[in-house]
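Novice: Counting in my numbering, the sequence shown tops out at residue 290, every number present.
Quick one: the structure is below, questions incoming.
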Amino acid sequence: MRTRPDQTGMQSGPGAPPIALGGGTSRAVENAPPAPVPVSAPDEVVSLADVGARLYDRLCASCHGTSGDGAGPAARFLYPRPRNFRQEQFRMVSTTNMVPSDDDLLRTLERGMPGSSMFSFGHLSLDERKALVAHVRGLMRQGLEDRIKREAAEIGEEPDPQEMAEMVRERTQPGSNLELPDEWPVEDAASVDRGRELYVKATCAACHGETGRGDGVQEQKDELGMPIRPRDYTRGVFKGGREREPLYARIALGVPGTPMPSSPALKPEEIADLVHYIRSLSDPATEAQV
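Okay, here's the thing in structure tokens:
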């Protein structure tokens with residue numbers, strides 16, 4: 001049977017390439033290299049917004065929901081729950097105001113989030129990933145606009161369109177990037193030992209356990225009231241990757257929407273030593289197996 005384009009311009013039918021549904025994986029995707037996703041019919045001219053919307057509907061909406069509310073049809077089967085883009089709470093950020101940069105969102109699309117149902121979309125072209133990022137930003141803005149209008153209506157008012165547009169722009173504009181150390185300490189036994197001492201002193205062990213196995217305080221919840229577990233560092237599975245830079249950002253900035261706090265009292269060289277200690281608790285090859 002011949003495949004045919006559906007209403008979004010993508011192939012459907014028995015001969016079409018398998019498509020993953022949002023944050024879950026299918027056996028076909030696991031057993032075969034991902035195929036590029038056609039987003040338009042031959043000779044059709046589409047805008048960046050159209051490409052982003054079509055890709056999102058095809059690849060993301062089943063988990064994250066059509067409106068980006070994190071309540072797609074597959075969401076109830078997933079843990080952790082899919083991100084609600086309309087609430088502006090993003091875990092993997094590298095900016096000082098906690099609004100993700102384009103690079104933050106592109107990195108998540110390219111790498112996925114190991115240890116969750118969010119897998120990599122690295123098979124998409126860079127232009128397609130950028131189109132998805134632009135669409136997600138649109139969902140963020142729309143969610144904030146809807147909240148402003150709802151809150152105004154509750155007190156019998158109607159927001160001024162210009163003031164609302166400015167508020168939305170300010171709230172959804174990424175801030176400056178977190179400054180990383182100009183010179184990292186050598187990742188040697190001395191740095192790991194200093195990091196171990198800081199790990200205890202900074203009370204990291206209270207949640208992540210004395211040996212980093214995530215066996216500290218267990219009764220924790222995220223911003224939605226869902227149960228959440230401290231990271232087990234010995235497994236070597238980090239949602240943002242085990243490279244120094246993302247681990248530094250997680251310690252310095254914290255993880256929005258979770259009990260993981262920021263660390264404003266720590267000096268850059270101390271955070272770097274902590275990163276080296278955390279990396280020492282697992283085998284670098286572990287994450288490649290996820």
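Just so you know, even glycine gets a beta-carbon here, dropped at the ideal spot from N, CA and C.
#1: Mind checking whether L106 and R129 have CB atoms under 7 Å apart?
#2: Is it true that the CB of P174 sits closer than 7 Å to the CB of T95?
#3: Quick one, which of V133, G122, G72, G156 has its alpha-carbon nearest D102's?
#4: Grouping DSSP H, G and I as helix and E and B as strand, with all else coil, what is K267?
#5: Using the DSSP secondary-structure output, state which residues sit across from N84 in a beta bridge.
#6: Can you list the alpha helix (DSSP H) stretches of 4 or more residues lying completely in the region 238-265, in chain order?
#7: Considering just the uninterrupted stretch of the alpha helix (DSSP H) at P161, what are its terminal residues?
#8: Between which two residues does the alpha helix (DSSP H) containing H208 stretch?
#9: Is T96 helix, strand or coil by DSSP?
#10: Beta-carbon of D57 versus every beta-carbon of chain C: anything under 7 Å?
#11: Between the region 133-146 and the region 46-53, do three or more beta carbon pairs fall short of 8 Å?
#12: Less than 7 Å between C-beta atoms, sequence neighbours within five positions excluded: which residues of the same chain meet that for Q89?
#13: Which value, in whole angstroms, describes the spacing of the CA atoms of D146 and D57?
#14: Between the Cα of A189 and those of A49, G68, I278, spot the shortest distance and give me the residue it belongs to.
#15: Looking at R231 and G214, is the spacing between their C-beta atoms short of 7 Å?
#16: Roughly how far, in whole angstroms, is the beta-carbon of R141 from the beta-carbon of V99, given that I think they are within contact range, below 8 Å?
Specialist: Considering the structure as presented:
#1: Taking 7 Å as the Cβ cut-off, L106 and R129 qualify as a contacting pair.
#2: Between T95 and P174, the gap from beta carbon to beta carbon is short of 7 Å.
#3: The shortest C-alpha to C-alpha distance from D102 to any of V133, G122, G72, G156 is the one to V133.
#4: coil
#5: Paired residue(s): none; N84 is not in a bridge.
#6: Listed in chain order, the complete alpha helix (DSSP H) runs (minimum 4 residues) inside the region 238-265 are 244-253.
#7: 161-172
#8: 205-208
#9: coil
#10: Although the question refers to chain C, the structure presented lacks it and comprises just one protein chain.
#11: yes
#12: Counting only Cβ-Cβ distances below 7 Å, and skipping sequence neighbours, we find E223, P256, G257.
#13: 21 Å
#14: I278
#15: yes
#16: Not a contact, Cβ separation roughly 11 Å.
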